[in-house]
Structure formats: C-alpha cells, structure tokens
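A short worksheet on the structure shown next.
2 protein chains.
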Amino acid sequence: MNSGFSSLASSAVLRGQQFLIRSLGGYSVSDITHQKKRMEAVKCSSGGASLEADAECVLRAITPSLDPRRHKGQAGNIAVIGGCREYTGAPYFVAISALKIGADLSHVFCTQGAATVIKSYSPELIVHPILEESYTISDVDDEGRRQITKKIISEFDKWIERFDCLVIGPGLGRDPFLLECVSKLMTRARESNVPMVVDADGLFLVTNNIELVMPLLVRIGGVTILRKRKSDLISDGEIVQSVSIYGSPRRCGGQGDILSGSVAVFLSWARQHISETEREKTLSRTSPIVLGCIAGSALLRKAAALAFEHKKRSTLTTDIIEHLGQSLESICPAS
Amino acid sequence: MNSGFSSLASSAVLRGQQFLIRSLGGYSVSDITHQKKRMEAVKCSSGGASLEADAECVLRAITPSLDPRRHKGQAGNIAVIGGCREYTGAPYFVAISALKIGADLSHVFCTQGAATVIKSYSPELIVHPILEESYTISDVDDEGRRQITKKIISEFDKWIERFDCLVIGPGLGRDPFLLECVSKLMTRARESNVPMVVDADGLFLVTNNIELVMPLLVRIGGVTILRKRKSDLISDGEIVQSVSIYGSPRRCGGQGDILSGSVAVFLSWARQHISETEREKTLSRTSPIVLGCIAGSALLRKAAALAFEHKKRSTLTTDIIEHLGQSLESICPAS
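As given, the protein sequences belong to chains A and B, one line each in that order. Counting in full-length UniProt numbering, the first sequence runs from 1 upward without gaps. Counting in full-length UniProt numbering, the second sequence runs from 1 upward without gaps.
Here is the structure:
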C-alpha cells in the first residue's frame, strides 16, 4: 500500500492535487492536562484495521478547549508564503481559513503588488510585502540581488520563531528569483523546526529541488502526503488513512487553499497536544501531522457539504469559508 | 428572416446590444453517457415551427450533472479579455457570473492598472495583468512595441489551450495598441479552436477588422448573433430562435456582461455534451453555440426577474448576479 501510494505521489498529473506536509520534529513539550485528549486521538486513528479514519473523533480529540486564561497566539499563529503579481486569491483563502477555524493570528509573506490587494480583501490578516519578482529587479546586478535576498531572509527571520506552521506555495507563481528566495526561507524554517504545508507552486519548487525535503525523510515526522480526491488519502510512509465523510460535487478553484489553511491549524493543535515523548511511550504510529491532515480534510469536506446545501452549483470558495466555523462547531462545540 | 436578421446585425445603433458568438468546430469527443441529454436538447430547440425556443428545456438538457468523480476545471474554465485604465466593472461581472453559474475557474486578462482593482473585487478570479495601453508605452519605439506584443502573446499562449471559452471585449476600451494586441490574441484562440463570445468594445474591434471573423463564416459553428432586446433573438445564419420568458424592465448597465459570462458557460457545456459527430448523426441544425445562447439568455432573464421582485428600481447588476444560482437551481436542480 505504501509504495503504491508513493508512486501515485510522483505522478505529474496528480501533483497539483497533492500536499507535501512536512514536519521537522521539535514537538512541543507535553502538557499533562491534555493527556486525556492524546489518548482519545490515538484511539480514534489507530484502533482498527480500516483504512477510513474516524475523522470526527480525531477532530474532537485535537481541537483545544477554549480557556480564558490563554493568551493571543496560543491557539495558533500561522503564516503563508505566497502571493505575487499574478496571484492573490490563493494566499488570502489559506490565511483567512486559518483564522475562521480558530487560529489567533494569520500572516502572509508576498510581493509588494500582491500585498496591496491581499490587504484589501481583509483587515484581519497581517501582510508582509517582502518578496521580489525578477521583473522588479531586472536592472539589479548579481551583488545587488544577493543583498536583496539577504534582506528578505533577515525580515523573515524576525518572525519565524513565532509561527506554529508555515504554508508554502499558494499563489507563489513560478518566478525563478522569487522561488530561489523561498527555498532559502524553507531552509530557515527547517532550522527553526517549524512544520510546513507545501502546496500548489510550492510543490513545483520542491519537485525541482528535492533536497529541500530530503533531510526530513530520515527524521520523525518526515514527509506526509495528502492526496485530495473523492476520498482523501493521507500517508506518512508508515500508515495510510482515508477520509471519505461529507464532501461536495462542486469543484470550484480555491478549495485546496482552504485545505492548506485547515491542515496548518489542525497540525499545530495536534502537535500542542501530543508530544513526541508521549508518542514514544505508546506504540501508536499516528503522528500529529497525520492527525492534522485527517482533521483538516474532514473539516473542509463538512464545510463544502454545508455550503453546497445552500448554494448548489453557485457555491464559491468564499461560501465554503463562511461555513468553516459552523462545521467545526457542529462536530466539536466550543462550550 | 435570415437576411433580415443580418441587416439588423449590421446596424451601428444596435451594435452594442448584439453579440458575435464565434465558434471554430473542435467539438469535444462524444461521451456516450450524454446521449440522452443530446436527444433532449435537439427535441427542445428544433421540435416546432415556432420562433420561440423552449429555453428551460434547453437549459436542463445542456447543464451537466454534478459528479463527485469529476476534477477541477471539467465544469468549465472561462477567460475574459478586457479591463483597462478606464473600465474594470465589466470584465469582473463577466468572470464572476461564469463562476456563479457553475464554471470551476474564471480568468481575466487585462492591463496592470485594471488588474489591481479587479483582483480586489474578488479573490475568486485569476487576473493576469499582461495587456498594455498606448499611454504606458509612449516612449517605446517600434521595435520595443513589437517585443511587448510578442511577450503579451507568449504569456497568453501559456494558457489558451486550457480554456473552454473566451469572452472578448467587456471593458476593453478602444486604445489602438491594446486592440491590435487583442486582435492577435483572437487569432491565436482561433488557431487553438477555442470558441469566443465577442461583446462591447470587442464588437468595435471586429467591425473594424472583419477579417477576424471572416474565415469562420464558411466553417461549422461560424458566427452566431445574439440580439438583446425585450425578446432576445439568436441566429447562426441557418435558424432563428427567440427567448421571451422572464425578464425585467430595469435597464441598469452591466446586464450584457452577465449575459456574456452566462453564454460562455452554457456554450462550453453544450459543446461538451453534444459532439460534432453526434450532431452529424442527426439532421438537427441546432448548433451547441445556439443552444448556449438560448440557455444563457434565459438564465439572465430569470435572474433579472427575481432580482427585480426584490429590489425593484434599485436593482443593480450585482443583485442580478446574486440570483444566478437560485435561478439555475429553480429550473435545473443540482441534485
């Protein structure tokens, strides 16, 4: 099963429908009060021989309780690297979805031109116009480009330690200079043990620079792949799980961006609740990353189903985003 | 009747209310499962001597069933060429209408200045800021202009094969350099057998460069004309059909843009469901383009009627767009 899945993963045709979800260990220290939740999560996802995950159970297990004593940021601080001259909708969809699910803060790192537009979509996002595309620096020599790259990395370095998860790729485009900078930012994120969800043009970048994820293959967490289809499939190379509940027949563009944002939030929550030490104590092979993918997939599918009930063929990505909150509440009430 | 219609078509006064809807064969390969739908469509539109089409019947026949096994793009990938320094609303109305009716993806090719505004209207659209107007290149010599034109064509070429239909003209303006580029893009689309809906300033371009559509007159599909009035009239030179159902007395600007987007989606669906081979097997003279015009006209009229019921004199184009989904659902339920 595992090798079959890997072979699917390498098909160019399916590349756009897949996610590489990468984690670099560094799981947060165990919080003893969440031991019960951990037990639930392990039970949900590894209890049977069935490929189908008990996604609602996973979702309830990893979603943190709301506690008035907690501070801004503790429910998730997510960042998207994407948004260029051509694309602005995709990074917006990722970032706003993360907030609508329950993250406290959502950032976008993009080019100057994209930043103006993304800011205009919503005042809720923190948008950093730090990236550059080749056409804006066509008059700059090699030394100048090195300086620009250095400045971009330095701006990014101010923030990286604060993020629970990065989403790399939605609306990134394929400009060579921009992609070269982003590959350097990915290296910094890896050094800081920040997990990454890689999608869209980020997959183009990774498939052309496989060394960006190679070191991860031998570490706990490694690379997890989520294949979006009629039934979603998730594998970390050790186990395969499917999510088939809910879903909608509408295929409007942008749903993959909601999924990226959703997975980013849930894997952050799963990592908070299930520490590496605890995982080693059990024999469970279900990583927090896989749990995050199961929950992220299930929530998108639920929201898409609810939006379709109301809007039918007219359903757009923004309609689905508007149903994220209600969907989570119906599975896992806040109080 | 046919020559009378052509003479109406050449009147300058009526030009703005007409569409040249051009198709260049290339009908998609027959899907045997849609044979029933084809039979229905043929029966709807060619069954009687009456000029009035059974528009609801056509609409139901060509609208594809929603199937969870289908992929993003299969329900339609539409592109608009329009949007300049002066106009941004029209191409937005076309592109968002296409999505609200059920297309999966909707693109706009426009100038840089228009792109920022159109993107900010909605994150759902993919907006390509590739066109240039004379005022932005006033310092550029002939060779420079040739290079710019070449680059525009090259950017467009990356995308053209993916589109099911192009809409040319809404918000295009009349800048000579821009129109010259667009006439070249139309030639590329024709070479790629992508059908085009020509409206607004696109009609100005075509009437001043009639060679852009002349080669089409001798091919199947050829030129179809849609005249928007109290009763809409549609002819491909062989048959004439009218659509008089529904409608609203409100004449706010922008309804023609909804019609362009609506026709683009329905003619794409009609071409998917009724292959050329199948058409030849029957003696029906009703082309998928005519069927698309009938359906597109009927849906706009229904949505305009519903919006007018709610908003009366205050009805705007955005109100009508908000009723497209409900209108289609009432005629042709999604499930």
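In this text, a Cβ means the ideal position worked out from N, Cα and C, and glycines have one as well.
- Those residues of the segment 116–128 of chain B placed with their C-beta closer than 8 Å to a C-beta in chain A are T116, K119, S120, S122, P123, E124, L125, I126, V127 and H128, ordered along the chain.
- In its chain, beyond the 5 residues on either side, A79, A189, V194 and M196 have a beta carbon closer than 6 Å to the beta carbon of L166(A).
- In the structure shown, Q241(A) adopts extended strand secondary structure according to DSSP, grouped into three states.
- Note that the C-beta distance between S335(B) and L306(B) is not below 8 Å.
- Residues of the segment 296–320 of chain A with a C-beta less than 7 Å from any C-beta of chain B: K311, K312, R313, S314, L316, T317 and T318, listed in chain order.
- Within the model, the alpha-carbon separation for G82(B) versus V240(A) is close to 47 Å.
- Of all residues in the segment 65–91 of chain B, only L66, D67, P68, R69, R70, H71, K72, G73, Q74 and A75 place a beta-carbon less than 8 Å from a beta-carbon of chain A.
- One Cα belongs to R229(B), the other to I258(B), and the distance between them is close to 15 Å.
- In this model, P249(A) and K158(A) are separated by some 42 Å (Cα to Cα).
- Under the three-state reduction of DSSP output, T207(A) falls in the helix class.
- For H323(A), the three-state secondary structure derived from DSSP is coil.
- Rounded to the nearest whole angstrom, the CA to CA distance from S122(A) to H107(A) is 12 Å.
- If you check the CB distance, S260(A) and V94(A) come in under 8 Å.
- Here R227(B) carries a strand assignment [DSSP, helix/strand/coil].
- Each residue's CA atom was taken as its position, placing C84(B) and A114(A) some 19 Å apart.
- D67(A) sits in coil when the DSSP states are folded into three classes, being neither helix nor strand.
- Uninterrupted alpha helix (DSSP H) stretches at least 4 residues long and entirely within the segment 75–106 of chain A occur at 89–101, given in chain order.
- Pairing F109(A) with L125(A) gives a Cβ-Cβ distance that is not under 8 Å.
- At a cut-off of 8 Å between beta-carbon atoms, I101(B) makes contact with chain A.
- A distance below 7 Å between beta-carbons, with the five flanking residues on each side excluded, links V265(B) to the following residues of its chain, in chain order: G76, I78, A98, I101, G102 and A103.
- Here R301(A) is buried, its C-beta having at least 16 other C-beta atoms within 10 Å.
- Taking the Cα of H71(A) as reference, the smallest distance to any Cα among L105(A), I62(A) and A53(A) is reached at L105(A).
- For the pair T136(A) and Y87(A), the Cα-to-Cα distance works out to about 16 Å.
- Judged by DSSP secondary structure, V58(B) falls within the alpha helix (DSSP H) whose first and last residues are A55 to I62.
- P288(A) is outside the set of residues whose beta carbon lies under 8 Å from a beta carbon in chain B.
- Taking a contact as a CB-CB distance under 8 Å, the pair I168(B) and V198(B) counts as one, their CB atoms being some 5 Å apart.
- For R251(A), the neighbours in chain B by C-beta distance under 8 Å run, in chain order, R70, H71, K72, G73, Q74, A75 and D104.
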